[in-house]
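In the working numbering, the protein residues as written are -13 to 546. Just so it is clear, CB atoms sit at the ideal spot from N, CA and C, and this is done for glycine as well. Here is the structure we will look at.
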Amino acid sequence: MTALDPVTLAVLKGRLEQIADEMDATLYRSAFNPIIAEARDACHGLYHRDTGETLVQGTKGLPIFVGAMAFAVKAVIDKTRAQGGPEPGDTFIFNDQYAGGTHLNDFRLVRPIFRDGRLFCWLASAGHWLDIGGNVPGGYNPVATESFQEGVLIPVVRLIAKGELRQDIVDILAANSRLPNSNWGDLNGQINALDLGEKRLAGLLDDYGEGVVEAAFTAFSDRAEALMREAIAALPDGRYAFEDYLDNDGITDEKLTVALDLTVSGDRMTLDFSRSSPPCQGPINISTATTVAACYVALKHVFTDVPANAGCLRPIDFVIPDTTLLGARAPKPMAGYTETILRLIGVVFGALAKAVPERATAGPFGTINALSIAGHRADGSRWVMFSFFGGGLGGNPESDGLSHANNPISTATIPPVEILEAAYPVMFTQWALRPDSAGAGEHRGGLGAIYEIELLDPRGAEVFLLGERGRYAPFGVNGGGSAALNRFAWSDKSGWHEPPMASKVTGVKLAPGHRVRLETPGGGGFGDPAKRTPQAIARDVIFEYVTPDHLETNYVIGLA
């Protein structure tokens, strides 16, 4: 094994991360759909040639994708081994949510990188395509009971064989979408990103040689493992249990439990999810790959100094039975995976809060509120506006939570209102912080938001929502209060209406001039509200973050 000095390691780390960052930027600038181009719902990385483990990820890509992509690359490795191995010039495509994690909208492109006829590593790209068929435009079908109702499932197949694009695969993809042109643009953006990554990696290998770069990969992973072991060893040994709830599965109006028993023993940690609810009928099941990826993201939030590669998972054991909704198998629906992983990340935070209360972070708002509004243009073609929305993050030992933030599953941004209004026949009549939505505390949670959208299309449209936190609010820690619940409503000529399933609804008809309204949760509070400083309370009042009634109910002791 080649020994590397610290300076060379630092230079290689920067150059390898830059390769992934450039791949991200290439896709963001060329994608057709706003969820990639503006919200950055995509990622790129380098993966181990034999195991598929994450070697390097970019600093801008979606972290949940990076974790799940290790399973996706492994699926390609297994498939190609059975067929005699990959060839130079191959690129594989698939969206199998059971093999690569997440859900059917997320298409993965995986490319082997060869040097002198020898497989060196894999490059991979993941991006959220706007529409992949199924019963609901945009793919988030809140009443799906099997994956066939969510969209087309593409297994691992060669999209490019020895440098030649397979038009038959492209034709299949186009035929199974309401928005084939959008998907075509995103596909080419991902191919271009892989082309650039391959070119940049070739330049790096020419400069340093395969042996030096392979040694750097090993050093990066070993360093991540050592730092994670050190972080775990600093925790008190013991078993820490925490659970939280999902409103329902969209089919049966009963809560579902996401439960964690976290055990610390020396420099190892076990995450046992055996007490979680069984697989459900509706679309909030997730695969084992997605569960592991979500834990990876949660732990990275807590142990921020640990590098982001597969080495950080070596000291961690997972117990994820397929008898739970966190290890579901085909054909269980998974379109709403985002809601479940948000609850999962929250329970990791909650369990660690019991181990080290002084470092605890309260629950974030915990729902992306996947909203689709879909209609027909004058020429008969379809338009589908899909977006997700912000809310408040939890209070923490250092400060209040962020207001109108992104969820902790990602670095994805909320698409700008100007982009959405330019692309679709809608108008936002309100986009504002939501007063009284934050959990009270010495450090309160961040505020959620209010979004009100008016339909302008004279032909009308349909609305679909898959959200959560309509019945079980984001939790506080160390005496902090819970945040406000999620709320969704729509108007028609008879007034405003709310869905019976709280934050899930399908097929709502909108006429021009009618509106939908989202009021998202804030984050939970940290610490006893009585300890909040008068100055902080006064500032909240001045900026109208709290109303007098909320202040009297939650901070009356603090004002004494």
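Per the DSSP secondary-structure output, D92 pairs in a beta bridge with H114. The three-state reading of DSSP puts G103 in coil, since its state is none of H, G, I, E or B. Counting the other Cβ atoms within 10 Å of the Cβ of F51 gives 16 or more, which makes it buried. Secondary structure of T204 (DSSP, three-state): helix.
If you draw a straight line from the Cα of K46 to the Cα of D27, it comes to about 10 Å.
Residue range 368 to 373 is occupied by the beta strand (DSSP E) that includes M371. One alpha carbon belongs to A321, the other to I270, and they sit about 7 Å apart. Distance check between N393 and each of D291, F304, E484, G508 places G508 closest, using alpha-carbon atoms only.
Of all C-beta pairs linking the stretch 262 to 278 to the stretch 326 to 344, three or more are shorter than 8 Å, placing the two stretches in contact. Residue state for F57 is assigned as helix, using DSSP reduced to three classes.
Contact check for G434 against E530 fails: the beta carbons are separated by 8 Å or more. Beyond the five residues adjoining it in sequence on each side, T309 comes within less than 7 Å, by CB distance, of P264 in the same chain, given in chain order.
Remark: C-beta atoms of G124 and V449 do not approach each other more closely than 8 Å. Going by DSSP, H287 is part of the alpha helix (DSSP H) stretching over 274 to 288.
Where Q43 is concerned, the enclosing beta strand (DSSP E) starts and stops at 40 to 43. A Cβ-Cβ contact shorter than 8 Å links I237 with Q267. G431 and V250 have their C-alpha atoms some 28 Å from each other. Here S468 has G425, A459, P460, F461, G462, G510 as same chain residues with Cβ atoms under 7 Å from its own Cβ, once five neighbours each way along the sequence are excluded.
Nearest Cα to L105 within the set D82, V59, I79, P74: P74. C298 carries a helical assignment under DSSP once its states are collapsed to helix, strand and coil. Taken in chain order, the unbroken stretches of beta strand (DSSP E) that lie wholly in the stretch 370 to 457 and span 3 residues or more are 412 to 419, 435 to 441, 447 to 452. For R473, the enclosing beta strand (DSSP E) stretches over residues 473 to 478. Taking a C-beta distance under 8 Å as the contact criterion, A202 and V292 do not qualify as a contact pair. Using a 10 angstroms sphere on the CB of R15, the tally of other CB atoms stays under 16, which defines it as exposed.
K490: member of the beta strand (DSSP E) spanning 490 to 496, first to last residue. The DSSP-derived three-state label of Y14 is helix. Boundaries of the alpha helix (DSSP H) harbouring V156: 153 to 161, taken from the DSSP string. Relative to the Cα of D239, the nearest Cα in the group L190, V142, V129, S373 belongs to V129. The residue among A147, A219, T77, F18 with its C-alpha nearest the C-alpha of D117 is F18. By the 16-neighbour rule on beta-carbons within 10 angstroms, E344 is exposed. Taking the Cβ atoms as the reference, A56 lies roughly 12 Å from T276, outside the contact range of under 8 Å. In terms of CA proximity to L95, L145 leads the group E132, L145, A68.
Ranked by Cα distance from L419, the first of L406, E404, L388, T399 is L388.
Rounded to whole angstroms, the Cβ separation of R97 and L180 is 5 Å, and the two are in contact under 8 Å.
The residue from F474, P141, P72, R518 with its alpha-carbon nearest to that of G86 is P141. Secondary structure of R363 (DSSP, three-state): coil.
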